[in-house]
Amino acid sequence: MKINKIAIWIVLCAFLSVAHAQRHIPLTYLPPVPVSVQGTDQASLSLNGIWNFRTDHSATAAINVPGEWEMQGYHVAPGEKAIYDKEFTLPASWVDKRVVVRFDAVSSHAIVKVNDIMIGEHEGGFVAFHMDLTSAIRPGKNILTVEVRANTISDILGCVSQYAAHTVGGILRKVTIFALPQVYIADLNVNSTFDNQYKHAKLDLSTQIVNHTRSAQYAGLRYTLKDKDGKVVFEKNISEKSLKALESKQLDIRIAVDKPNHWTAETPYLYELTTELMNDRHMIQRNVQKVGFREIKVAGNQLLINGKPIKLKGVNRHSIHPLLGRASDPELDRKDAALFLAANLNYIRTSHYPPSEEFLQAADELGLYVESESALNWIQHHASPIWQHWDYQDPKFLPLMIQANRENVMTNKKHPSVILWSLGNESRWSKLWEEVNRTVKILDKSRPTSFHDQTWGGFNNAGSKADIANYHYPGINGPAITDTASRPTLFGEYAHLSTYNRRELLSDPGIRDLFNGPMLSFFDSIYVHKANLGGAVWSGIDDTFHLPDGRIVGYGPWGPLDGWRRTKPEYYGIKKAYSPIRVGSIKRTKDGIICTIQNRYDFRSLEDVKIVALVDGKEIQLTSTIKPHETGHILIPQTNNADTVEIIFTDPRGFEIEHELFTDKKPVKEVYAYKPLSLKEDSAFIYITQGDIDYSISKTYGVITRVRKNKELILTKGPSLAIIAANTEDGGKPNVAGETYQNNIYPLKHYPLYTLFAKNVSVENMKDSILVNLDLSYQQGEGKQQFIFTKDGLLKVRYEMEYLKSDIPVYQYGLMMELPLTFDELNWHREGPFSYYPQNHIGRNKGFAKLNTNNVYEAEAYGKPLAADWKDDANTLGSNDFRSTKANIISAELKQHTQSKVKVISNGRQASRSWKQDEHIQWLIADYTNNGSEPFYGSPHSNDRLTLRKGDKIKGSLLLKID
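Numbering that gives the first Met the number 0 puts the first residue of the sequence shown at 0, with every later residue one more than the last.
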């Protein structure tokens, strides 16, 4: 979609002028939606559902609210308004009440009308705002109209549409209409503090009351706090006070609470607070909200929750669904929170705009810390080209920057899960940001602020004064650098998942599994440095949009969850890295197995955790009293020298947090049947027979050209040396969001090195083996290869090569074979970084996979997931499970329906990779492999990358058995 730059410029100038003129607009409140109002049958109505939709150039049509218009097939040009209409019937009992509409998010500028009477306007998406409709409302039928423009100044300052690679326009979150009495609760601030022992608490309640009448009124308050079982903790009253006509008054009270249950991400205990507005001893308005007792402090370079230092274990989260775009869905919001919790996360950064109320409700209930970020992004950053023309220090931007942060606070302050206010993302600090920070601290003194820049180095480091320091994309040495920091240091983005090496990922999904081992070591480093507050992996969910016209746009597959919320291989690696349990050394004794256990919970003792051992399938309940941040031992009794023992830890909230498997089972040494050897030669070929297997080796090229078993074709080429280059031509393009995601993203083809000729071909017929030695000249260098055929049915292949061409970054090298398509079943046994894997994980230590190709020629299938499990998605190369690299193999085999199989016997240091190409199965046994060419990778994920240079030598081997 081409955007009219002149139209955008005109719109932006207009909105900047308005913003500059409105710099001194006073703060407004966001009235909470009541649960009941005196004299009404119901206090609120949802206006979600079907609305009428049109532009000045299109006919009226139906549209879903909440929803993006682009994701529903409607195009609105930049600067053009989209008009939403909704008819509703005013409840008869509301006639003498104030009538208010609340929009939880409209992107990005809204003018609100009722019955063609303008009520007000609002600039800024992803935050809630309200309008008082009372002056224009009438009994019975009413028409609510919202004129929406996208691509306005708030969209530009947040890079919202730029980031999503399409116009993010529309009513994105829920719409609620509600009644208020003429004297009503306009705002409520709740804050809890503890005594020095964090045993008893005080609850500070500040309630703003507005008298909207033209006469003096009396109003008081009654507060009731109940625990989760409904037991009353306290009832407190503020006596009725006089309010003058049109007066607003704040009523404050501090209430002592003995021994409240604490709210933390590990113990998310919620109380229910009922606030009743009283007039003449009658309730005229009742509000209900959840309250958590938790206190946040910055103490030196640590962040404390309820007096204890915490470690944030998180991901970044966009509001995203392939078919819904940025529009919110309550079920999806809760599902995300539950999936992240089950991955042992305790923290979500809401990149790069505030979250929905429904997501925060789930975080409150389930137990997640949230950093709520304002919708300000890349101000004076190269990723946003507009700052080549604008001055990031121009004070005309200040009102918009303050508004974005103020509305973030006003919308989300009631949620105990919110522990940080992020002022903005990857922007350059300035005097404007200092003023924004000061304003947020005035609005909410109970939470620290963060600002996502770079707290060290020369890039984007302009001296942020936020409470929390930030650094994006450190290497493995980053945690140690924080030791001398004066503030807690958060890695707001780190451990970026492979995304931009798009063709590599399409060809070999095993890159995703190779993320996991380094992830574990990375977080281990973060954990031991106390000033390192923690971090948020980039990112949480794939960011792709399946537009109705058939295009897929967006930054791409950077989440441990895909857009359909299926878990990807990295999900389990993150779960292991963030596990609050570390199982260390294992020792067998006469009494059983002694396990060293580290408790990485911040608050929870292991006495609350369910611990089960499975000893040869028999379940044994275990207990432990290891305290938070301490290490101890657990004895698994009655093992009786069991071959296999599992230990499983389950959080009190019901999800598995750690699962380890120990085995002393000794591998059975294979006994190979005797297979007689015979040798023949002619001028062109060497022919070797090994029992019922026959091999043909070209003397000209030094390669095996055919392997048969009982005349049935087994191998058509190889094993031959292959060097798989890193895919650098699209591995370094981070700004792909503006491109259609399907364009030019197709699987890579790989072939063995081209052999120019063989020389010094020699054959030795020995007592128990036949040796074939060859000197080979490749296009890329000179090498040697040796084939050893043994009488126990094995083929040993050794190679070495001197590389003689220009530098080349390498992804993999090893020996490659070509088999008929009938070899479409893969079995493997490997030693992965984890002892236990879920059975739907492509990296499981033992597994079976079918080829199962699918004629998908794009980066991802359009409109729906291909399979229930991500591992079973497939393209023309095969399923994710079949075509992914299996590292650290003990053995791997390809099998066909006739039961013939080719098996590689290894030592845990090689990798197997198989795929369909050119109507054959290609099989690489790699002596070297790495994590791919993702440009955002730093150490440890980029460790061991290899560039072959002229004169470098490589070597390796393979042990093969054909049955």
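From the three backbone atoms N, C-alpha and C, an ideal C-beta is built for every residue, glycine too.
- Contact annotation: S956 and R829 have beta-carbon atoms that are not nearer than 7 Å.
- Under the criterion of beta carbons closer than 8 Å, F125 and P353 qualify as touching, at roughly 5 Å.
- In this model, N844 and V644 are separated by some 16 Å (Cα to Cα).
- Between Y570 and L560, the alpha-carbon positions lie close to 7 Å from each other.
- Of the residues assessed, T206 falls on the buried side of the cut-off, its CB having 16 or more other CB atoms within 10 angstroms.
- K790 and A672 have their C-alpha atoms some 8 Å from each other.
- By the criterion of a C-beta distance shorter than 7 Å, S92 is surrounded in its chain by G38, T39, D40, once the five residues flanking it on both sides are discounted.
- When the five nearest sequence neighbours on each side are left out, the beta carbons in the same chain lying within less than 6 Å of the beta carbon of K716 are those of E817, in order along the chain.
- Of the residues assessed, F458 falls on the exposed side of the cut-off, its CB having fewer than 16 other CB atoms within 10 angstroms.
- In this structure, I646 is the residue among G423, L893, I646, L959 with its C-alpha nearest to the C-alpha of V611.
- When C-alpha distances from Q689 are compared across S719, D767, I619, the shortest belongs to D767.
- When the five nearest sequence neighbours on each side are left out, the beta carbons in the same chain lying within less than 8 Å of the beta carbon of K954 are those of R797, Y798, E799, M800, D926, in order along the chain.
- The way I'd put it, the region 271 to 279 doesn't touch the region 158 to 174; fewer than three beta-carbon pairs between them come closer than 8 Å.
- One thing to note: N188 has its Cβ no nearer than 7 Å to the Cβ of E246.
- Apart from the 5 residues on each side of it in sequence, K440 sits with its Cβ closer than 8 Å to the Cβ of T448 in its chain, given in chain order.
- Here the alpha carbons of E120 and Y368 stand approximately 33 Å from one another.
- It is roughly 7 Å from the alpha-carbon of T151 to the alpha-carbon of H108.
- Three or more beta-carbon pairs separated by less than 8 Å link the region 365 to 382 to the region 416 to 428, which places the two stretches in contact.
- If you ignore the 5 residues before and after F935, its C-beta comes within less than 8 Å of the C-beta of Y472, H495, T498, Y499, W537, P733, all in its own chain and listed in chain order.
- Counting only residues of its own chain and dropping the five nearest sequence neighbours on each side, A255 has a CB closer than 6 Å to the CB of K201.
- Shown here, T454 sits in coil according to DSSP, grouped into three states, outside any helix or strand.
- Note that the C-beta distance between I418 and I295 is below 7 Å.
- One thing to note: G846 has its Cβ no nearer than 7 Å to the Cβ of G831.
- Annotation: I687 to G701 spans about 14 Å, alpha carbon to alpha carbon.
- By the Cβ-count criterion, E606 is exposed, with fewer than 16 other Cβ atoms from all chains shown falling within 10 Å of its own Cβ.
- For Q216, the uninterrupted beta strand (DSSP E) segment begins and ends at 216 to 225.
- Apart from sequence neighbours up to five positions away, the residues of its chain that approach A465 with a beta-carbon distance below 7 Å are L422, N436, T448, S449, F450, ordered along the chain.
- The three-state secondary structure of W93, taken from DSSP, is helix.
- Bounds of any beta strand (DSSP E) do not take in F521; it lies within the alpha helix (DSSP H) bounded by 515 to 527.
- The continuous stretches of alpha helix (DSSP H) do not include F52, which lies in the beta strand (DSSP E) extending over residues 48 to 54.
- Excluding five sequence positions before and after L865, the CB atoms of its chain that fall closer than 8 Å to its own CB belong to N853, V855, D871, D872, A873, given in chain order.
- According to the DSSP assignment, Y777 belongs to the beta strand (DSSP E) that extends over 768 to 777.
- One Cα belongs to Y183, the other to G291, and the distance between them is close to 24 Å.
- Each residue's CA atom was taken as its position, placing Q921 and M409 some 58 Å apart.
- Contact check for E86 against T54 fails: the beta carbons are separated by 7 Å or more.
- Judged by DSSP in its simplified three-state form, L489 adopts strand.
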